[in-house]
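Asks: In the order they appear, the protein sequences are chains A and B. Heads up: the first sequence runs through residues 3 to 419, numbered per the working numbering. Heads up: the second sequence runs through residues 2 to 482, numbered per the working numbering. The C-beta atom is built at its ideal place from N, Cα and C for all residues, glycine as well.
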Amino acid sequence: MKADIVIVGGGPAGLAAAISAAKEDKSLDILILERDNELGGILNQCIHNGFGLHTFNEELTGPEYAARFEEQLDGLGIRYMLGTMVLDVSSGSVTAINSKEGVFKVNCGAVVLCMGCRERPRGALNIPGLRPAGVFTAGTAQRLVNIEGYMPGREVVILGSGDIGLIMARRMTLEGAKVKCVCELMPYSGGLKRNIVQCLDDFNIPLLLSHTVIDIKGKERVTSVVIAEVDERSKPIPGTEQEIACDTLLLSCGLIPENELSRSAGVEINPSTNGPVVNESFETSIPGVFACGNVLHVHDLVDYVSEESGRAGRSAARFVKNKATAEGPVIKIRNGNGVRYTVPSFVRVNELSDDLVIRFRSGNVYKDSYIKVLFDGETKLSRRKPIITPGEMEQVILKKEDLANTPSEILIEIAER
Amino acid sequence: MKSSYDIIIIGSGVTGCAIARELSRYECSCLVLEKDEDVCTGTSKANSGIVHAGYDAKTGSLKARMNIRGNMLMTSLCEELDIPFKRIGSLVVCTDEANRKGISELCARGIANGVPDMKILEKDEIREIEPNISDDVVCALYAPTAGIICPFRLNIALAECASQNGVDFKFNCEVTDVSKLGDEWIVETSSGSFECQAVINCAGTHADEIHNMVSDKKFHITPRRGDYMLLDRSLDGFVKHVIFPQPTAMGKGILVTPTVHGNTLVGPTAVDIESRDEAPVTADGLSKVQEGAIKNVKGLPLKQVITGFSGLRAHEDGGEFILEEAEGCKGFFDCVGIESPGLTACPAIGEYMALKIAESLSLKFKKFWNGICKDVVKPFELSEEERAALIKEHPEYGRIICRCETITEGEIIDAIRRPLGAKSLDGVKRRTRAGMGRCQGGFCSPRVMDILSRELNMPLDKVTKSGGGSKIILGRTKNEG
Chain A
3 MKADIVIVGG GPAGLAAAIS AAKEDKSLDI LILERDNELG GILNQCIHNG
53 FGLHTFNEEL TGPEYAARFE EQLDGLGIRY MLGTMVLDVS SGSVTAINSK
103 EGVFKVNCGA VVLCMGCRER PRGALNIPGL RPAGVFTAGT AQRLVNIEGY
153 MPGREVVILG SGDIGLIMAR RMTLEGAKVK CVCELMPYSG GLKRNIVQCL
203 DDFNIPLLLS HTVIDIKGKE RVTSVVIAEV DERSKPIPGT EQEIACDTLL
253 LSCGLIPENE LSRSAGVEIN PSTNGPVVNE SFETSIPGVF ACGNVLHVHD
303 LVDYVSEESG RAGRSAARFV KNKATAEGPV IKIRNGNGVR YTVPSFVRVN
353 ELSDDLVIRF RSGNVYKDSY IKVLFDGETK LSRRKPIITP GEMEQVILKK
403 EDLANTPSEI LIEIAER
Chain B
2 MKSSYDIIII GSGVTGCAIA RELSRYECSC LVLEKDEDVC TGTSKANSGI
52 VHAGYDAKTG SLKARMNIRG NMLMTSLCEE LDIPFKRIGS LVVCTDEANR
102 KGISELCARG IANGVPDMKI LEKDEIREIE PNISDDVVCA LYAPTAGIIC
152 PFRLNIALAE CASQNGVDFK FNCEVTDVSK LGDEWIVETS SGSFECQAVI
202 NCAGTHADEI HNMVSDKKFH ITPRRGDYML LDRSLDGFVK HVIFPQPTAM
252 GKGILVTPTV HGNTLVGPTA VDIESRDEAP VTADGLSKVQ EGAIKNVKGL
302 PLKQVITGFS GLRAHEDGGE FILEEAEGCK GFFDCVGIES PGLTACPAIG
352 EYMALKIAES LSLKFKKFWN GICKDVVKPF ELSEEERAAL IKEHPEYGRI
402 ICRCETITEG EIIDAIRRPL GAKSLDGVKR RTRAGMGRCQ GGFCSPRVMD
452 ILSRELNMPL DKVTKSGGGS KIILGRTKNE G
């Protein structure tokens with residue numbers, strides 16, 4: 003089998019990448035390989051609204067947002083195969099399996115990695131206790147409720163204040179369950195402020211910061227969990243234990259980009275994002291292999307996924323057309339104080355077609371501080387922010403002409419007052 | 002199902018199923034009773050999966066004899082029953098010059114027990130075969146006959162083979178009383194009463210309770226809990242051998258080992274507890290496991306943990322396997338105190354006990370017996386041509402259900418449909434590995450539930466994690482009525 007560009011994954015990132023690649027060059031043969039039985043990825047189970055404010059200036063649900071992109075595929079002649087799981091990626095080919103073709107290889111000019119991310123399960127969190135039924139990641143529970151129409155529980159404790167956990171606190175409440183509390187290990191929430199307000203505050207669900215689950219009870223089904231307050235080193239404080247009767251524990255404790263394929267292909271991974279190291283074109287360390295969406299770094303808003311993936315798709319299309327390796331100066335982007343990572347990690351100035359968007363997350367909560375950009379040690383940009391939290395992605399936009407002087411490095415930092 | 006048998010085995014762990022398979026060679030009717038919904042749900046489901054070489058147990062003890070014989074039998078058994086098994090060798094590591102003597106003593110005991118080809122390796126030799134060994138290592142006892150095995154498949158395959166040769170199994174059937182009526186034994190259970198000529202007590206952590214129902218010479222079992230951590234398969238090759246610390250009175254200590262499926266396993270601790278059925282993982286246990294692991298293996302990335310679990314050993318006060326007809330109870334046979342090296346010893350225990358019982362009941366061999374039993378078809382272990390042909394004929398082998406372990410729908414259907422097939426998520430997991438990977442079923446469990454519901458013709462809300470009251474969903478959402 004052959005294609006010009008193979009897109010691994012048909013979620014929001016894959017769809018946006020495919021569409022923009024096709025728009026860049028209509029003659030390209032683009033193939034999306036999707037492991038699920040429908041396109042749209044995790045958006046299909048996100049039936050709440052709030053998607054698309056930046057992209058469409060309106061509030062859509064997840065399936066509606068996905069549909070806006072899916073509708074464009076036919077018109078652009080983009081092919082897709084469902085129920086197809088990619089087993090192996092290399093520069094120039096992709097190996098996949100489905101029930102019709104068996105195991106097959108697609109030779110291609112470029113690959114765009116859009117595999118998304120997964121939730122950290124109980125086992126990875128070292129939560130003590132028994133192993134009864136009734137412990138779910140928030141996303142698994144979301145699928146059961148929103149797609150299958152079943153209730154995973156009636157009395158719920160949620161560990162972790164990631165966005166899916168917050169959304170599920172509201173969703174379970176609306177379906178008649180009692181959400182007893184949301185515990186968060188850190189002294190701040192990992193989710194969007196708007197989700198704390200709309201999903202917890204509006205329903206009087208307590209958010210217990212600096213708290214964790216220290217025991218799960220019940221041999222067959224969860225009967226209770228024990229929670230405790232933690233100290234600055236995240237260690238439970240003796241004497242603060244509370245046993246909360248419940249039949250269900252939902253976990254929303256972080257998302258991990260699914261980079262098993264990238265790793266085995268030899269793509270260089272950034273340990274801070276668990277996603278590939280990319281340049282301004284979203285190209286990984288392997289020429290012709292691009293990455294975007296949550297497999298690259300975990301986003302807070304799907305609108306940013308779509309925008310970045312559009313850039314990745316365009317870059318892949320250009321790569322297929324030009325083939326030439328870029329020459330010219332490379333600027334390194336470094337993390338300064340408070341900045342956990344940046345995407346991209348470096349910029350090839352000659353490859354920039356428009357302004358450069360650098361996205362990043364902070365490592366802590368900063369109040370009334372500045373985001374600063376330094377070119378070779380000299381402050382180029384300084385923006386005051388009332389609050390910066392790890393739960394919300396930040397960005398700086400640098401004009402192409404500003405980069406024309408090609409500093410050797412750009413440093414992004416958070417400066418406190 | 003009938004209520005009268007020649008032989009009833011209580012417990013379907015590795016010991017019970019190994020004996021059942023051996024007895025299925027003979028002309029007799031045999032029933033295995035299990036209190037849980039599946040085989041391999043007690044001690045056999047949560048252990049290190051190690052085939053021990055046999056230097057630990059006291060020379061002349063049943064533990065030592067059964068270990069050595071079990072280890073010897075394992076190669077052919079695993080071939081016959083399609084059980085993943087690798088003889089990767091073990092290292093008992095000494096990290097303190099003052100304890101070197103302990104290593105020589107262990108070696109001498111191994112030689113006396115009949116363990117072949119052992120040697121004591123010095124620091125540099127160990128480094129060569131195990132690059133990530135601790136810098137503190139002084140010397141180690143190397144035993145090449147030690148190995149790693151899939152404990153689930155070992156148990157399940159023994160049961161499947163027994164079943165295909167006519168042994169009956171009854172699940173969710175807890176034994177409440179055993180008594181003698183004339184020449185017959187009456188076994189009362191939560192689902193009716195059974196009679197038989199011989200009872201074999203393989204009840205694991207409950208074996209003393211069963212024994213004490215019939216015998217005046219009482220036993221006492223202490224459930225000994227052990228915590229483990231299972232690390233991601235991406236660490237495959239970090240250690241190449243089973244790495245033990247020097248043993249203590251509480252057991253063999255915290256080991257670090259590859260598993261047959263390419264994970265790295267660390268553990269167990271050893272803590273005596275009250276409950277015979279509940280083994281909670283503890284924070285203290287996990288931190289001891291971590292400390293123990295890094296003592297022998299440097300730089301082990303413990304952050305790559307994908308799950309923690311805990312198992313129970315059935316420690317009898319005497320610390321020895323009890324494999325005998327109970328005193329004054331003709332026809333009542335005990336397999337009590339089967340703690341480590343029970344997994345290794347099970348083929349030998351099966352052989353030893355079956356012979357005793359066959360003699361006692363004057364059983365004759367069957368004319369035809371089939372000792373071969375293949376595992377679930379695994380498309381990724383086939384050649385390209387075979388796999389293509391399989392998917393062409395059965396498209397479900399091209400549909401991936403578990404992403405992390407690359408398990409297809411075909412394998413899950415096979416695991417459910419085969420004799421003594423899976424009935425729950427954990428049953429599917431132990432037979433196929435679906436849900437055993439790094440996302441721990443986050444993606445695949447709703448899909449596996451759908452397949453179980455369809456194949457077993459039961460509503461989705463009746464599907465359980467592991468039988469009994471372990472229901473996964475608690476009803477419909479409002480709008481679904």
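1) Could you tell me the distance, in whole angstroms, from the CA atom of G205 (chain B) to the CA atom of G43 (chain B)?
2) Using 8 angstroms as the threshold, is the C-beta distance between K46 (chain B) and F322 (chain B) below it?
3) In chain order, which beta strand (DSSP E) runs of at least 3 residues are fully inside the region 156-204 of chain A?
4) I think C18 (chain B) touches A208 (chain B), with their Cβ atoms under 8 angstroms apart; what is that distance to the nearest whole Å?
5) How many whole angstroms separate the CB atoms of I216 (chain A) and V228 (chain A), which I take to be in contact at a CB cut-off of 8 angstroms?
6) Can you tell me where the alpha helix (DSSP H) with E260 (chain A) in it begins and where it stops?
7) Where do the N-terminal and C-terminal ends of the alpha helix (DSSP H) with S288 (chain B) fall, by residue?
8) Using a beta-carbon distance below 8 angstroms, is G476 (chain B) in contact with chain A?
9) I want to see whether chain A comes within less than 8 angstroms of F239 (chain B), judged by CB atoms only; does it?
10) For S25 (chain B), name the three-state secondary structure that DSSP assigns.
11) What is the rounded straight-line gap between the Cα of Y306 (chain A) and the Cα of A319 (chain A)?
12) From V272 (chain B) to T258 (chain B), what does the alpha carbon distance come to, in whole angstroms?
13) Note down the Cα distance separating V359 (chain A) from Q397 (chain A), rounded to an integer number of angstroms.
14) In this structure, how does DSSP classify I335 (chain A) when only helix, strand and coil are distinguished?
15) Please decide whether P117 (chain B) counts as near chain A, where near means a Cβ-Cβ distance under 8 angstroms.
16) Measure the Cβ-Cβ separation of I333 (chain A) and F321 (chain A) and say whether it is below 8 angstroms.
17) Strictly under 8 angstroms for the Cβ-Cβ distance: is E210 (chain B) near chain A by that measure?
18) So V243 (chain B) is in the beta strand (DSSP E); what residue range does that whole segment cover?
19) Which residues in chain B sit within 9 angstroms of E423 (chain A), going by Cβ to Cβ distance?
20) In chain order, which continuous runs of the beta strand (DSSP E) of length 3 or greater are located wholly inside the region 298-345 of chain B?
21) Per the contact definition of three or more C-beta pairs closer than 8 angstroms, is the region 109-117 of chain B in contact with the region 179-198 of chain B?
22) Residue range of the beta strand (DSSP E) that S5 (chain B) falls in?
23) At the level of alpha carbons, what is the spacing between R385 (chain A) and N366 (chain A)?
24) Below 7 angstroms CB to CB, which residues in the same chain sit around L413 (chain A) once its five sequence neighbours on both sides are set aside?
25) What's the gap between the Cα of I401 (chain B) and the Cα of H262 (chain B)?
26) Between K382 (chain A) and chain B, is the shortest Cβ-Cβ distance under 8 angstroms, so that the two count as touching?
27) So, is the C-beta of G422 (chain B) closer than 8 angstroms to a C-beta in chain A?
28) Starting from the beta carbon of C440 (chain B), find every residue of chain A whose beta carbon is closer than 7 angstroms, and list them in chain order.
29) What is the DSSP secondary structure of Y56 (chain B), counted as helix, strand or coil?
30) Kindly confirm or deny that the region 128-147 of chain B and the region 156-172 of chain B touch, where touching means at least three C-beta pairs closer than 8 angstroms.
31) Looking at the unbroken beta strand (DSSP E) that takes in G241 (chain A), where does it start and where does it end?
32) Note down the Cα distance separating P132 (chain B) from D97 (chain B), rounded to an integer number of angstroms.
33) Taking P189 (chain A) as the query, report the chain B residues whose CB atoms sit under 7 angstroms from its CB, ordered along the chain.
34) Relative to the C-alpha of G11 (chain A), which candidate in A:K180, A:F53, A:L263, A:T63 has its C-alpha closest?
35) So, helix, strand or coil for F220 (chain B), using DSSP?
36) Taking buried to mean at least 16 other C-beta atoms within 10 Å of its own C-beta, is S5 (chain B) buried or exposed?
Replies: Reading it off the structure:
1) So the alpha carbons of these two residues sit roughly 8 angstroms apart.
2) Contact flag unset, no.
3) Listed in chain order, the complete beta strand (DSSP E) runs (minimum 3 residues) inside the region 156-204 of chain A are 157-161, 180-186.
4) C18 (chain B) to A208 (chain B), Cβ: 15 angstroms. No contact.
5) Contact flag correct, Cβ pair sits at about 5 angstroms.
6) First-last for E260 (chain A): undefined, no H or E at that position.
7) That run of the alpha helix (DSSP H) goes 284-297.
8) Yes - at least one Cβ of chain A is within 8 angstroms of the one on G476 (chain B).
9) Using a CB distance cut-off of 8 angstroms, F239 (chain B) does not count as an interface residue toward chain A.
10) Correct three-state label for S25 (chain B): coil.
11) Each residue's Cα considered, the two are about 20 angstroms apart.
12) Cα-Cα distance, rounded: 21 angstroms.
13) In a straight line, the C-alpha of V359 (chain A) is about 7 angstroms away from that of Q397 (chain A).
14) I335 (chain A) sits in a strand when the DSSP states are folded into three classes.
15) By this cut-off, P117 (chain B) is not an interface position.
16) In this structure, the beta-carbon distance from I333 (chain A) to F321 (chain A) does not fall below 8 angstroms.
17) No, its Cβ sits nowhere closer than 8 angstroms to a Cβ of chain A.
18) Looking at the DSSP string, the run of the beta strand (DSSP E) that includes V243 (chain B) is 243-245.
19) Lying outside 3 to 419, the shown extent of chain A, residue 423 (chain A) is not represented and no answer is given.
20) Fully enclosed beta strand (DSSP E) runs of 3 or longer: 306-317, 323-326, 333-337.
21) Using a Cβ-Cβ distance cut-off of 8 angstroms, the region 179-198 of chain B and the region 109-117 of chain B are not in contact, since fewer than three pairs of beta carbons, one from each stretch, lie closer than that value.
22) First-last of the beta strand (DSSP E) with S5 (chain B): 5-11.
23) Going by the C-alpha atoms only, they are around 18 angstroms apart.
24) Correct list, in chain order: R336, G338, L376.
25) About 18 angstroms.
26) No - not a single Cβ of chain B is within 8 angstroms of the one on K382 (chain A).
27) No, G422 (chain B) does not count as interfacial toward chain A.
28) Correct list: R120, P123.
29) Reduced to three states, the DSSP call for Y56 (chain B) is coil.
30) In short, these stretches do not touch, since the Cβ pair count stays below three.
31) No beta strand (DSSP E) holds G241 (chain A); DSSP gives it neither H nor E.
32) Computed Cα separation, rounded: 19 angstroms.
33) Think of a sphere of 7 angstroms around the beta carbon of P189 (chain A): no beta carbon from chain B falls inside it, the nearest being about 21 angstroms out.
34) A check of alpha carbon separations from G11 (chain A) across A:K180, A:F53, A:L263, A:T63 identifies A:L263 as the nearest.
35) Correct three-state label for F220 (chain B): coil.
36) Taking a 10 Å sphere around the C-beta of S5 (chain B), we find fewer than 16 other C-beta atoms and assign the residue as exposed.
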